[in-house]
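The end of the sequence shown is residue 729 by the numbering used here, with every number in the run present. This report refers to the structure that appears directly beneath it.
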Amino acid sequence: MAYFPDIPKIRYEGPTSKNPFSFKHYNPDQLIEGKTMRDHMRFAAAYWHVMRNGLSDPFGGPTALMPWDDQSDSVDNALRRADVFFEFLDKIDIQYYCFHDRDIAPELNDLAKSNAALEKVTDHLKDLQQANNKKLLWGTACLFSHPRYSQGAGTSPSADVFAYGAAQVKAAMDATLKLGGEGYTFWGGREGYATLLNTDMKRELDHLAALLHLAVDYAKKIGFKGQFYIEPKPREPSTHQYDSDSAACLNFLREYGLLDSFKLNLETNHATLAGHTMLHEMTVALGADALGSIDANQGDELIGWDTDQFPTDLYLTTGIMQKVLEMGGFTTGGLNFDAKRRRESHEPEDLFHAHIGGMDAFARGLKAAAAIRADGRLDGFITKRYDSWNSGIGAKIENKMVSLDEISNYALGNGEPVIGSGRQEMLENLLNEFI
Ligand code: XLS
Ligand code: NI
Ligand code: NI
């Protein structure tokens, strides 16, 4: 059955093609730095946005046309959606996907029934993965939509809510293992607070850490070898979320002895909500060897919320790919399009335009990033800028071979230091040579 009858399989046709249903830059088999584009990118589609996002906004209901979806909570409807999704993955040529338990299967009126529905749907997903040669990048549990989580899941004031959430995590981890998932993500949508007047922050953080430790222990028990991720976001829905940015997450993981078990899944629009750039967030994570995976999207500077737009900004994609190449590439992670169409783009074919655009933007970013690296001037500039640390007093300080007295004597005898220009504008011009 073809749910997208008018959409062809999307193929690379090169930059001169005028066919909107083609890749102009994403050429999956093209080698860059000795690796195919496909393997560099490890693109993933987000089940929640592709199949479950009706495109409503705070002022109006859903607009997306989903002729295959009867809007019921039935398992049949969920199974049919999975068929549609795999036709989409096949036609768009994306190899990975990500899900929340509640996007792929319905939440029914008791936990055992919800678990049984999840079992049925994941059996089907497993068959579809095999038949279509597709893989699961990561799974996660939705611990933020249901009213029971309105005051948090891992950080709920209610131990019973914590237990319900933990049970959902267990089932979602079982599902992820069954589907060969390469990772498992925690995004704490409600793990924060609305007001400190009613909140015991320290206790809530202890509980959140307890949930993550329970998951790590359970992974060992069931033989789940995938990578755990924590996904920072500062706010929305909560007023303040505990996992607010890379630095806050790293501190939390370190404080609670979880840094060996977790890496970060960084999302562009979350970085900007935190008042940072995505490159800042990636650089912080890289410094701690904790850059795991990316939720690829971009925000709107004029709107203060998580607009989750498809990434089209070439400076952004170039910067991201520079960092990914610098890290030596993804291992378990990838580029997951945690992105949705605008409310006006309500036709099924818009799903294709959106993903094609994101994939081509990242392909251009990858090519530009590789060219910048091959050129070497940018890296060379940074290396040279820190030259004074390679010998003399700089090397002694780095190697902890001098005391403050000795450094003081050095400075007294050295006169006023002379420093070179940061050359920001020259470097911006240099970057523009490649975009
Ligand atoms: C929401 C988050 C969410 C996570 C998965 O803003 O990005 O989609 O990626 O729970
Ligand atoms: Ni995300
Ligand atoms: Ni998001």
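Just so it is clear, CB atoms sit at the ideal spot from N, CA and C, and this is done for glycine as well.
Check: residue i C-beta below 7 Å from any heavy atom of ligand 1
i: D632; result: yes
i: H534; result: no
i: E381; result: no
i: E525; result: yes
i: H647; result: no
i: H394; result: yes
i: T434; result: yes
Closer than 7 Å: residue i CB and nearest ligand 2 heavy atom
i: W599; result: no
i: W481; result: yes
i: D589; result: yes
Exposure of residue i, with buried meaning 16 or more beta-carbon neighbours within 10 Å
i: F480; result: buried
i: G598; result: exposed
i: L490; result: exposed
i: D589; result: buried
i: D494; result: exposed
i: K515; result: exposed
i: P250; result: Beyond the ends of the chain as shown, which are 295 and 729, falls residue 250; an answer cannot be given.
i: A406; result: exposed
i: W432; result: buried
i: M695; result: exposed
i: A689; result: exposed
i: R336; result: buried
i: P309; result: exposed
i: D680; result: The identity of residue 680 in the sequence shown is Tyr, whereas the question assumes Asp. Classification for Y680: exposed.
i: M653; result: buried
i: Q365; result: exposed
i: V415; result: buried
i: V618; result: buried
i: P605; result: buried
i: M798; result: In this structure the chain extends from 295 to 729, so residue 798 is not present and cannot be described.
i: I650; result: buried
i: S540; result: buried
i: N403; result: exposed
For residue j and residue i, believed in contact at Cβ under 8 Å, the rounded distance
i: L580; j: E525; result: Contact flag wrong, Cβ pair sits at about 16 Å.
i: L672; j: L724; result: 6 Å
i: A376; j: H418; result: 5 Å
i: A399; j: A411; result: 4 Å
i: Q521; j: G569; result: Not really, about 27 Å apart at Cβ, beyond 8 Å.
i: H507; j: L552; result: 7 Å
i: G659; j: T612; result: 4 Å
i: E381; j: Y320; result: The pair is not a contact, with the Cβ atoms about 20 Å apart (cut-off 8 Å).
i: I666; j: Q718; result: Not quite, the Cβ-Cβ distance comes to about 16 Å (not below 8 Å), so this is no contact.
i: G483; j: L437; result: 7 Å
i: V378; j: M345; result: 7 Å
i: S532; j: A488; result: 7 Å
i: H574; j: A358; result: Contact doesn't hold; Cβ gap of about 33 Å is too wide.
beta-carbon residue i near ligand 3 non-hydrogen atom, thresh 7 Å
i: N563; result: yes
i: D468; result: no
i: D602; result: yes
heavy atom of ligand 5 below 7 Å from residue i C-beta
i: L698; result: Because ligand 5 does not appear in the structure shown, any question about it cannot be addressed here, the ligands present being ligand 1, ligand 2 and ligand 3.
Where are the alpha helix (DSSP H) runs, 4 residues long or more, that stay fully inside the segment 362-423, in chain order? 369-386, 395-398
Runs of beta strand (DSSP E) wholly within the segment 327-357 (minimum 3 residues, chain order): 337-340
What runs of the alpha helix (DSSP H), each 4 residues or longer, lie entirely inside the segment 595-652? 608-620
Output the residue ranges of the alpha helix (DSSP H) runs that lie fully inside the segment 441-496 and measure 4 residues or longer, sorted by chain position. 453-472
For a minimum of 3 consecutive residues, which ranges assigned as the beta strand (DSSP E) are wholly contained in the segment 491-529? 521-524
What ranges does the alpha helix (DSSP H) occupy inside the segment 672-714, keeping only unbroken runs of at least 4 residues that lie completely in it? 686-692, 698-708
Considering only residues of the segment 554-580, which uninterrupted beta strand (DSSP E) runs meet the minimum length of 3 residues and lie entirely inside it, listed in chain order? 556-561
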